[in-house]
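Read through the structure below, which is laid out as structure tokens, and then see the notes.
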Amino acid sequence: MARWGSAGKTPRFLGQFSGYLFRYATWLPVLIAFNSYVAQVTWIRGPSMYPFLNPHYNESLRKDLCLVSKWSPHRNLERGMIVVFRSPENPHVTVVKRIVGLEGDVVRTKPPYPYEHAKVDVGHVWVEGDGDKTKDSNHYGPVSTGLITGRITHILTPLERAGRVRWWEHAEREGVQEAQAS
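Numbering (my numbering), first residue to last: 1 to 182.
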């Protein structure tokens with residue numbers, strides 16, 4: 001009487017399966033390292049960067065899929081860049097905003113910030129969302145550059161908007177007095 005696997009199929013199947021598993025498992029650390037330190041693909045949720053990101057936020061459930069560069073996220077920051085950072089209020093929440101002011105800049109704030117102007121401290125940036133419904137530096141003040149985990153570099157979908165993010169076109173905001181170079 002033949003039993004299940006007695007024809008030699010079970011060991012061969014297990015051998016093939018373990019071979020595939022080993023081949024794919026060896027790439028897992030590489031993928032994790034790439035996602036953590038080089039780049040990541042992320043969906044942009046919410047209205048805070050509307051209309052630049054998620055321009056169809058009020059019309060449909062479509063979201064922008066973006067590429068986030070994680071390579072040296074705190075270096076060479078410039079006004080207009082869109083950054084991804086850990087919320088100063090809750091480190092488990094990731095936030096996407098535009099850099100408006102760099103260290104040393106004086107920014108004319110918006111409500112609910114308690115003062116009319118704020119000077120951006122060393123090692124910090126002033127960030128704001130493009131939309132009206134945004135919780136940004138006007139709520140929690142300047143953000144430490146140490147909280148920045150990446151920069152949005154490309155929009156991947158929707159395809160009609162796919163391409164490089166041209167942040168330099170949004171580098172100036174009225175009410176920002178740039179720090180004097182020393």
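Positions of the beta carbon are idealized from the N, C-alpha and C atoms, including for glycine. It should be emphasised that the depicted structure is a prediction, and the values quoted were computed from it without experimental measurement.
| Item | Value |
| --- | --- |
| Can you look up Thr-145 in the DSSP assignment and give me helix, strand or coil? | helix |
| I'd like to check one pair, Lys-70 with Ser-48: are the Cβ atoms closer than 8 Å? | no |
| Decide if Asp-105 is buried, meaning its Cβ has at least 16 other Cβ atoms within 10 Å, or exposed. | buried |
| I'd like the span of the alpha helix (DSSP H) that includes Ser-137, first residue to last. | 137-140 |
| Could you pull out every residue in the same chain whose Cβ sits closer than 6 Å to the Cβ of Gly-196, ignoring the five residues on either side in sequence? | An answer regarding residue 196 cannot be provided, because it is not within the stretch 1 to 182 covered by the chain. |
| Could you check if Ala-181 is buried or exposed, using at least 16 other CB atoms within 10 Å of its CB as the buried criterion? | exposed |
| Tell me, please, whether the stretch 73-93 touches the stretch 148-155 by the rule of three or more beta-carbon pairs shorter than 8 Å. | yes |
| What does the alpha-carbon distance come out to for the pair Glu-178 and Gly-101? | 8 Å |
| I'd like to check one pair, Leu-65 with Leu-156: are the Cβ atoms closer than 8 Å? | yes |
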